[in-house]
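Down below is the structure, laid out as structure tokens.
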Ligand code: G4P
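Numbering (our numbering), first residue to last: 1 to 525.
In structure tokens, the structure reads:
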């Protein structure tokens, strides 16, 4: 197979949803179709349950599982599919945001009864910022839920997307009869007893056989609703989908494996192969000869005796080869890797080469930070991965002065992994850790102690948000920094950050310093 063909057959995507919408169940069903796993239940549940908040062993166990399921690759109908796992737990949403920078498209799972939930809103917003093509899967149709029209309305309102249904349900819950596929104009009957994988039987909805099968009333309703929906929603257009302008919608039940194959078949048809990626210097095309890639996730080894980590690299162009020197842009040094790892379902194996779209795991003894670029020599840097303003802030203090070095090293490495964000207040030189959830503080404290032999203590602080500030008006910027010096900090890359203690202080600052831009993500756009 030519390199071009190898690249074009790759589909790298993430499934995003609010916890409990059915992401794990859907992932598992997709893997079953790919023959990557043999039985349902083989993919361990990667969710960190709420009760795990202070159960550290549970956190460690989950970290182990999440390495195995971080990337799940499988073959399906000649395509190489890579599913990138995105933690559903909201305390780990930064991790999800970063993983979304490595996907070429996304599937958004929505619970038919709960509709669009908060976590889905946040994640879709990130996809929209990056114009990631999205397919929406409305799940749990075997249960009673919201009216399909109302749901589409809600999706458009809350997610700010335009939808174009490619399937339409007949009934719901106990009355669920099936789903009509508007893409290939076939009807799939729902049989709750049939949890096995089959190609699904299809009939023409305008045939007598169809009326006889689902009943005249249901058939009429479907035909009427289809007319309505086709009048109300734009027709599916692949270009608009690829631009992130419209989202095709499918209905189904992941649990009953219903509508999943249609979703997968359509997905491999329409979802993009690796797309050109913007670097600071230029746009990199996946079909270029020379290798380039970037680190979007770092996973620490769970075994404290082996401190090495696994850096997950998304290949953006060229072919990555084992034991070949590549340039680490930030450090300006050449590195080669003797055991790059590829991920197939829940197995890992050493690979000789990998193509754009693929994710490889590189063993790392501390060279990598999230966002680092590797190239075959050219000086390009992929654009920074976004950090969002944390929601909870605490001072981190050294609880064992004999272990200052260990503490600093531990903090640095955990920040490189992207566990949380570090801000240093210049005025007092105190360190502030910002996270999106309480759980991270416990993880940090536990890991500092167990992996680095350091002890920390948290001190509360009342902070509302971190805003990255920029301005062309140097004088105003300096004046602002001087007046707000107690609230001014540097992030880990040395950028200016205003730690605002209330929404009011942000709006006051915006009024008084009109030439300063306040950014709530570190991607200063
Ligand atoms: P998540 O990864 O998005 O958090 O969701 P997950 O797949 O774990 O699904 C959450 C719950 O919803 C699970 O039930 C799962 O069985 C159920 N579920 C998923 N898809 C469907 C569906 O299509 N129909 C119905 N009726 N239920 C579905 P649970 O009781 O929380 O867990 P479990 O004990 O079944 O694992």
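Where a beta carbon is used, it is the ideal one built from N, C-alpha and C, also for glycine.
Practice problem: Compare the beta carbon distance of residue 490 and residue 424 with 9 angstroms and say whether it is the shorter of the two. | Solution: The Cβ-Cβ distance between residue 490 and residue 424 falls below 9 angstroms.
Quiz prompt | With 16 other Cβ atoms within 10 Å as the buried cut-off, status of residue 334 | solution = Residue 334 is classed as exposed because its beta carbon has fewer than 16 other beta carbons within 10 Å across all chains shown.
Quiz item: Taking one C-beta from the stretch 86-95 and one from the stretch 430-443 each time, how about it: are there three or more such pairs within less than 8 angstroms?
Solution: Because the criterion of three Cβ pairs below 8 angstroms is met, the stretch 86-95 and the stretch 430-443 touch.
Quiz prompt | Stretch pair the stretch 487-504 + the stretch 441-454: three plus CB contacts closer than 8 angstroms | solution = With the cut-off at 8 angstroms, the stretch 487-504 and the stretch 441-454 do not touch.
Quiz item: Among 317, 392 and 364, which has the Cα closest to the Cα of residue 462?
Solution: Nearest of 317, 392 and 364 to residue 462, Cα basis: 392.
Quiz item: Quick one: is the Cβ of residue 377 within less than 8 angstroms of any heavy atom of the ligand G4P?
Solution: Taking the Cβ of residue 377 as the reference point, every heavy atom of the ligand G4P lies at 8 angstroms or farther away.
Quiz item: Are there three or more Cβ pairs, one per stretch, closer than 8 angstroms when the stretch 231-241 is compared with the stretch 1-20?
Solution: No, the stretch 231-241 does not touch the stretch 1-20.
Practice problem: Compute the beta-carbon to beta-carbon distance between residue 32 and residue 15, rounded to the nearest angstrom, for a pair I have assumed lies under 8 angstroms. | Solution: Rounded, the Cβ-Cβ distance is 15 angstroms, inconsistent with contact.
Self-check item: Reference residue 309, options 354, 363 and 337, closest by Cα
Solution: Checking every option, the nearest Cα to that of residue 309 belongs to 363.
Exercise. Taking residue 398 as part of the beta strand (DSSP E), name the residues at either end of that continuous run.
Key: Its beta strand (DSSP E) spans residues 392-398.
Exercise. Examine the ligand G4P and report whether any of its heavy atoms sits within less than 8 angstroms of the Cβ of residue 563.
Key: The structure shown has nothing for residue 563, since the chain only spans 1 to 525.
Self-check item: Beta-carbon proximity check, residue 481 vs residue 496, cutoff 9 angstroms
Solution: Result yes, Cβ atoms of residue 481 and residue 496 sit closer than 9 angstroms.
Quiz item: Can the beta-carbon of residue 382 be found closer than 9 angstroms to that of residue 316?
Solution: In contact: residue 382 and residue 316 (Cβ atoms closer than 9 angstroms).
Self-check item: Beta-carbon gap between residue 291 and residue 318 smaller than 9 angstroms
Solution: Yes, these two residues count as a Cβ contact at 9 angstroms.
Quiz item: Under the criterion of a Cβ to heavy atom distance below 8 angstroms, does residue 26 qualify as lining the ligand G4P?
Solution: Yes; taking the cut-off as 8 angstroms, the Cβ of residue 26 has a heavy atom of the ligand G4P nearer than that.
Self-check item: Three-state secondary structure (DSSP) of residue 86
Solution: Coil, per DSSP.
Quiz item: Roughly how many angstroms lie between the CA atoms of residue 79 and residue 128, to the nearest whole one?
Solution: When only Cα atoms are considered, residue 79 and residue 128 end up about 26 angstroms apart.
Quiz prompt | Option in 81, 133, 100 and 138 with minimal Cα separation from residue 109 | solution = Looking at 81, 133, 100 and 138, the one whose alpha-carbon comes closest to that of residue 109 is 138.
Quiz item: Using a threshold of 8 angstroms, is the CB atom of residue 143 nearer than that to any non-hydrogen atom of the ligand G4P?
Solution: Yes, the ligand G4P has a heavy atom inside 8 angstroms of this Cβ.
Quiz item: Per DSSP, what kind of secondary structure is residue 436 in: helix, strand or coil?
Solution: The three-state secondary structure of residue 436, taken from DSSP, is coil.
Quiz item: Alpha carbon to alpha carbon, what distance is there between residue 328 and residue 130?
Solution: Going from the Cα of residue 130 to the Cα of residue 328 covers about 25 angstroms.
Quiz item: Looking only at its own chain, which residues have a Cβ that is under 6 angstroms from the Cβ of residue 311, when we skip the five neighbours before and after it?
Solution: Closer than 6 angstroms at Cβ, skipping near neighbours: 295, 298, 362, 364 and 368.
Quiz item: Would the stretch 275-288 and the stretch 159-173 be scored as touching if the rule is three or more Cβ pairs under 8 angstroms?
Solution: In short, these stretches do not touch, since the Cβ pair count stays below three.
Quiz item: What does DSSP give as the partner residues of residue 133 in its beta bridges?
Solution: Residue pairing for residue 133: DSSP places it in no beta bridge.
Self-check item: residue 46, DSSP secondary structure in three states
Solution: With a pLDDT of 47 at residue 46, under the threshold of 50, the modelled position of this residue cannot be trusted; read the value that follows with caution. DSSP places residue 46 in coil when its eight states are reduced to three.
Quiz prompt | Closest Cα partner of residue 116 within the set 96, 146, 105 and 104 | solution = When only C-alpha atoms are compared, the closest one is 146.
Self-check item: Unbroken stretches of the alpha helix (DSSP H), 4 residues or longer, contained in the stretch 236-306
Solution: Listed in chain order, the alpha helix (DSSP H) runs fully inside the stretch 236-306 are 238-242 and 260-270, counting runs of at least 4 residues.
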